[in-house]
Amino acid sequence: MQETVRVKFDGFDAELREHLLGLRELILKVAAETPEIGELIETLKWGEPSYLPWKKNVGTTVRIGASKLKDYALFVHCQTTLIDDFRHMFPDEFYYEGNRGIHFEFGAPLDRERLKLLIGNALTYHLRKA
Numbered sequence: 001m002q003e004t005v006r007v008k009f010d011g012f013d014a015e016l017r018e019h020l021l022g023l024r025e026l027i028l029k030v031a032a033e034t035p036e037i038g039e040l041i042e043t044l045k046w047g048e049p050s051y052l053p054w055k056k057n058v059g060t061t062v063r064i065g066a067s068k069l070k071d072y073a074l075f076v077h078c079q080t081t082l083i084d085d086f087r088h089m090f091p092d093e094f095y096y097e098g099n100r101g102i103h104f105e106f107g108a109p110l111d112r113e114r115l116k117l118l119i120g121n122a123l124t125y126h127l128r129k130a
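Going by UniProt numbering, 100 is the number at position 100 of the sequence shown; the sequence numbering is gapless.
As structure tokens, then:
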């Protein structure tokens with residue numbers, strides 16, 4: 001983990017850190033299982049832990065962080081169709097924030113298999129749109 005990202009995680013309260021590290025683990029797992037993604041860059045964007053393929057024109061950034069709703073969230077670039085596509089596939093399973101994110105309640109179980117689909121689609125977004 002890059003030092004600036006580690007410092008950011010260390011600054012979160014314990015509950016938030018635990019949940020965000022779980023999302024991070026899922027993002028890294030999807031990347032490892034999807035050869036097209038290749039190596040990931042882990043950095044801070046907009047002050048939040050962010051993940052994107054090292055190779056250009058493969059995918060779009062996935063960010064994770066706290067939200068203003070006092071929960072935690074996974075965000076993608078707002079000019080993609082990712083959240084809208086996901087909302088059409090799973091209209092009632094998640095709390096969506098416009099076209100940029102999905103929110104999760106602390107303590108509620110994550111549908112990891114469906115989230116893997118969203119993460120994989122984000123990290124291969126440009127390949128699929130080509």
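Where a beta carbon is used, it is the ideal one built from N, C-alpha and C, also for glycine.
Check	Outcome
What beta strand (DSSP E) runs, 3 residues minimum, are completely inside the UniProt domain "YdhG-like" (17-122)?	40-45, 48-53, 62-66, 72-76, 95-97, 101-104
By alpha-carbon positions, which one of Trp46, Leu28, Lys45 ends up nearest to glycine 38?	Leu28
Please confirm whether leucine 82 and alanine 122 have their CB atoms less than 8 angstroms apart.	yes
Pairs of beta-carbons, one from the segment 87-96 and one from the segment 40-52, closer than 8 angstroms: are there three or more?	no
Taking threonine 4 as the reference, which of Arg24, Glu48, Leu20, Arg63 has the closest Cα?	Glu48
So the alpha helix (DSSP H) aspartate 13 belongs to, where does it begin and stop?	No alpha helix (DSSP H) contains aspartate 13, which DSSP labels as neither H nor E.
Please determine, among Tyr95, Thr61, Thr80, the residue with the shortest C-alpha to C-alpha distance to tyrosine 72.	Tyr95
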